[in-house]
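Using my numbering, the letters of the sequence shown correspond one by one to residues 163 to 466.
Glycine is no exception: its CB is placed at the ideal position from the N, C-alpha and C atoms.
The model shown is predicted, which means the values in this text are computed figures rather than measured ones.
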Amino acid sequence: MRKYVALFCALASVSALAQDINETQQPELEPGVEVRPSILTKRFESDRTALANAFSITQFQRNYILPYSHVTNPNALGNEALTSDNVDNNEAKFQLSIKLPLYTPENTVEGLYFGFTLTSFWQLYNSEVSKPFRETNYEPEVFYQWNTDIRILGFEFNALQLGFNHMSNGQSGIRSRSWNRVILTSLFSDDDDVYYFKTWYRVPEDEKTDDNDTSGDDNPDINHYFGRVEIGYGTRWEDWGILLRFRNNLEWSKNRGSAGITFSYPVSPRYEVVLDYFNGYGDSLIDYNRKQERIGIGFQLALF
Numbered sequence: 163m164r165k166y167v168a169l170f171c172a173l174a175s176v177s178a179l180a181q182d183i184n185e186t187q188q189p190e191l192e193p194g195v196e197v198r199p200s201i202l203t204k205r206f207e208s209d210r211t212a213l214a215n216a217f218s219i220t221q222f223q224r225n226y227i228l229p230y231s232h233v234t235n236p237n238a239l240g241n242e243a244l245t246s247d248n249v250d251n252n253e254a255k256f257q258l259s260i261k262l263p264l265y266t267p268e269n270t271v272e273g274l275y276f277g278f279t280l281t282s283f284w285q286l287y288n289s290e291v292s293k294p295f296r297e298t299n300y301e302p303e304v305f306y307q308w309n310t311d312i313r314i315l316g317f318e319f320n321a322l323q324l325g326f327n328h329m330s331n332g333q334s335g336i337r338s339r340s341w342n343r344v345i346l347t348s349l350f351s352d353d354d355d356v357y358y359f360k361t362w363y364r365v366p367e368d369e370k371t372d373d374n375d376t377s378g379d380d381n382p383d384i385n386h387y388f389g390r391v392e393i394g395y396g397t398r399w400e401d402w403g404i405l406l407r408f409r410n411n412l413e414w415s416k417n418r419g420s421a422g423i424t425f426s427y428p429v430s431p432r433y434e435v436v437l438d439y440f441n442g443y444g445d446s447l448i449d450y451n452r453k454q455e456r457i458g459i460g461f462q463l464a465l466f
């Protein structure tokens, strides 16, 4: 009960802070100075238009498919048909991510949302064991978004998000991996660039009594590998898009984390071809404590 009271108080505090920020008077512009809308301002305007349609859903995280990717050190534990001898380093990877409004005041994207992200790792080229899915991760979450719209030195601080996230691979026994987090995200942008900062608190779980204990902690050391913070930066250079992502555990003695970079090029207003690279820990839950490199090619929905 104390955890839920604390979470409610945190939500109330952030709500009050966001309201105070919104009410802060912005500096007046000099005559003749035109302010271009930032990337996220334009994106939120598109989301607001979509929310007016009761039959529409909107993009949450990245939506992409890598029909081919090469990964070092894949974990075969995720599927009973796989072993360290027959697991293939070449596989497909795809992610689907959507969000739905649960409550939004009229004519705004501020409000309460449900988000869902699915990420799968498919041994598409492994004919030896009938091309199984090596791992699938599921991430339902509920979050509240406050629009701040503060512009300082050319940067627009667009939004704060606070929510509860559950991440699981849907397995049981020794293959089970899951954790719960309270996540705080700050989104800001300028004319050509988008930035985000994300940090989280892991909700504690009881220690497992044995490997088949369904109520205990599947991965007590996941913070040491997956990290405690994530920062991202995206920009466009002519038609090319570049997205950088970094996670870190903030530990001096055994510093771990990950880095990722995605290059994209539009083939239509909606779709982009991508080259995706990842290096570090936490590419998937079953691989969370294995250092890996992955490079893949594919397609994604336009992100910004």
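query	result
Closest residue to L463 among R205, R224, D209 (Cα-Cα distance)	R224
Any 3 or more C-beta pairs closer than 8 Å across the stretch 397–408 and the stretch 420–427	yes
The stretch 450–465 touching the stretch 306–315, judged by at least three CB pairs closer than 8 Å	no
N- and C-terminal bounds of the alpha helix (DSSP H) containing Y443	It is not in any alpha helix (DSSP H) - Y443 carries neither H nor E in the DSSP assignment.
Supposed close pair G396, D445 - CB separation, criterion 8 Å	About 20 Å; that fails the 8 Å criterion.
Residue environment, Y433, which counts as buried when at least 16 other CB atoms sit within 10 Å	exposed
Contacts around V304, its chain only, beta-carbon distance under 6 Å, and the 5 residues preceding and following it disregarded	F276, G325, F326
C-beta atoms of N251 and V233 nearer than 8 Å	yes
Sheet register partners of S348 (DSSP bridge)	L322, F359
Cross-strand partners of G458 (DSSP beta bridge)	S231, D438
Spatial neighbours of F317 in its chain, beta-carbon cut-off 7 Å, leaving aside the 5 residues before and after	F350, D352
The alpha helix (DSSP H) enclosing N248, as first and last residue numbers	Run containing N248: none; DSSP gives neither H nor E here.
Proximity below 8 Å, CB of I393 to CB of F359	yes
Three-state secondary structure (DSSP) of L464	Correcting the residue identity first, residue 464 is Ala in this sequence and not Leu. Note: A464 maps to coil in three-state DSSP.
Paired residues, beta bridge with P428 - DSSP	E434
Within 8 Å, strictly: CB atoms of R339 and L258	no
Proximity to A321 [Cα-Cα], best of P302, Y363, Y357, A238	Y357
Counted within 10 angstroms of its Cβ, other Cβ atoms place L412 as buried (16 or more) or exposed	exposed
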